[in-house]
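Participant: Residue numbers (our numbering): 180 to 531. The structure's right below; bear with me while I get my questions together.
Structural data, given as structure tokens:
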């Protein structure tokens with residue numbers, strides 16, 4: 180888990196990288212950029228906000244990658260060993276990115292290399308290296324007073340509400356591989372940033388396992404539970420799944436199956452679905468693993484517990500406990516109207 184609230188920018192270098200195949204150049208700044216009190220909080224928020232809002236899906240960054248020699252990993256080592264010379268190393272980082280900027284969709288842009296102190300990773304304070312890129316330029320208006328009128332001027336600049344690309348390298352576990360978080364808002368070429376430039380692998384940790392298994396469970400509910408039963412049972416299956424992950428420190432598959440599947444006929448269906456779909460969701464060998472609470476919280480936000488009916492009525496089943504659906508919602512069939520119905524129990528209406 181990360182906490183970026185107390186992060187401090189110790190060094191900021193800004194360069195510009197063009198598209199090499201289009202004959203655009205690279206511009207390397209001679210010295211670091213001096214942050215004044217006005218710019219510092221704005222640029223810090225620009226760099227770090229996307230990582231606070233993003234799921235914590237880590238990548239592993241080491242010399243053991245598909246790239247024969249990951250020069251960026253070596254530069255990260257040098258920066259962590261000698262942070263006072265971050266700017267000199269930042270020039271080499273910009274050059275590496277320039278060499279990879281050959282795809283026709285890749286846009287030129289500013290590259291920011293930041294040395295951070297005060298990052299918090301897994302309750303430990305660490306330093307870090309931020310590499311960010313702004314690509315898209317947005318129109319904005321400036322106004323200038325000329326005599327008795329205001330003149331309107333159109334200019335272009337970077338939108339501080341949206342970082343185009345970024346990565347944070349956390350100074351921890353050098354030998355095993357640094358943890359990296361990455362964002363890419365534009366995805367013109369998905370290999371450009373993660374594979375060709377950073378040279379990272381997915382970090383298979385408890386966060387990765389938890390996220391993948393919950394994604395697998397969500398699709399089992401949609402593909403198997405819903406057609407076999409109904410929307411209510413699909414919603415309840417996912418509520419029971421979320422309860423299981425929220426209440427346990429470790430995942431054990433047979434215990435999970437017995438906890439969340441009410442209909443015994445669906446147990447072999449679950450096993451068949453896993454055999455068929457496991458490679459897609461990367462859960463082939465997942466039967467036991469530690470549960471990551473942050474991944475559970477992130478997944479819960481994305482689950483849509485809504486029953487949509489053909490009579491233009493929606494029932495949102497937003498339960499803390501999955502058992503609530505059994506207590507407060509009943510499904511039946513009305514012979515006279517020849518229609519299904521839901522019966523909902525409550526004590527009082529919430530006036531919001």
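All C-beta atoms in this analysis are idealised placements derived from N, C-alpha and C, irrespective of residue type, glycine included.
Can you tell me the Cα-Cα spacing of residue 256 and residue 268, whole angstroms?
Facilitator: As a working mapping, residue 256 is identified with position 77 in the chain shown. As a working mapping, residue 268 is identified with position 89 in the chain shown. For residue 256 and residue 268, the distance between alpha carbons rounds to 10 Å.
Participant: Which residues in the same chain as residue 401 place their Cβ atom closer than 8 Å to its Cβ, once the five residues preceding and following it in sequence are excluded?
Facilitator: Against the chain shown, residue 401 aligns to sequence position 222. 413, listed in sequence order.
Participant: Which residue or residues does DSSP assign as beta-bridge partners of residue 469?
Facilitator: Counting from 1 along the chain shown, the entry for residue 469 is found at position 290. According to DSSP, residue 469 bridges with 429.
Participant: Identify whether residue 180 lies in helix, strand or coil by the three-state DSSP scheme.
Facilitator: What you label residue 180 is simply residue 1 of the chain shown in a count that begins at 1. Correct three-state label for residue 180: coil.
Participant: Restricting to runs no shorter than 3 residues, where is the beta strand (DSSP E) found entirely within the stretch 243 to 306?
Facilitator: DSSP runs (the beta strand (DSSP E)) wholly in the stretch 243 to 306: 288 to 300.
Participant: How is residue 311 classed by DSSP in three states: helix, strand or coil?
Facilitator: For this step, residue 311 is matched to residue 132 along the chain shown. It is a strand residue.
Participant: Measure the beta-carbon distance from residue 345 to residue 287 and round it to whole angstroms, keeping in mind my assumption that it falls under 8 Å.
Facilitator: Within the chain shown, residue 345 is the residue found at index 166, counting from 1. Within the chain shown, residue 287 is the residue found at index 108, counting from 1. That pair is no contact at about 17 Å.
Participant: What are the start and end residues of each continuous beta strand (DSSP E) run of 3 or more residues lying completely inside the stretch 345 to 407, in chain order?
Facilitator: Listed in chain order, they are 357 to 363.
Participant: Does DSSP put residue 221 in a helix, in a strand, or in coil?
Facilitator: The residue labelled residue 221 in the question sits at position 42 within the chain shown. In this structure, residue 221 counts as helix in the three-state DSSP scheme.
Participant: On the criterion of 16 or more Cβ atoms from any shown chain inside 10 Å, does residue 466 qualify as buried, or is it exposed?
Facilitator: Position 287 of the chain shown, counted from the start, is the residue given in the question as residue 466. Exposed, by the Cβ-count rule.
Participant: For residue 387 and residue 475, I'd like the C-alpha separation in whole angstroms.
Facilitator: Taking the chain shown and counting its residues from 1, the one referred to as residue 387 is at position 208. Taking the chain shown and counting its residues from 1, the one referred to as residue 475 is at position 296. Taking the straight line from one Cα to the other gives about 11 Å.
Participant: DSSP on residue 320, reduced to helix/strand/coil?
Facilitator: As a working note, residue 320 is residue 141 in the chain shown. The answer is strand: DSSP assigns residue 320 an E or B state.
Participant: May I have the straight-line CA-CA distance separating residue 333 from residue 415, to the nearest angstrom?
Facilitator: As a working note, residue 333 is residue 154 in the chain shown. As a working note, residue 415 is residue 236 in the chain shown. If I take the Cα positions, the gap works out to 54 Å.
Participant: For the stretch 437 to 492, list the beta strand (DSSP E) runs that are entirely contained and at least 3 residues long, ordered along the chain.
Facilitator: Counting only runs of 3 or more, we get 467 to 469, 485 to 487.
Participant: If we call anything under 9 Å between Cβ atoms a contact, is residue 265 one with residue 292?
Facilitator: On the chain shown, residue 265 is found 86 positions in, with the first residue counted as 1. On the chain shown, residue 292 is found 113 positions in, with the first residue counted as 1. For residue 265 and residue 292, yes; Cβs fall inside 9 Å.
Participant: What residues are listed by DSSP as bridge partners for residue 328?
Facilitator: As a first step, residue 328 must be located in the chain shown, where it is residue number 149. Paired residues: 325.
Participant: Please classify residue 379: is it buried, with 16 or more other beta-carbons within 10 angstroms of its beta-carbon, or exposed?
Facilitator: Numbered from its first residue, the chain shown carries residue 379 at position 200. By the neighbour-count rule (16 or more Cβ atoms within 10 Å), residue 379 is buried.
Participant: Under the rule that 16 or more other beta-carbon atoms within 10 Å means buried, what is residue 321, buried or exposed?
Facilitator: If you number the chain shown from 1, residue 321 lands on position 142. Flag for residue 321 reads exposed.
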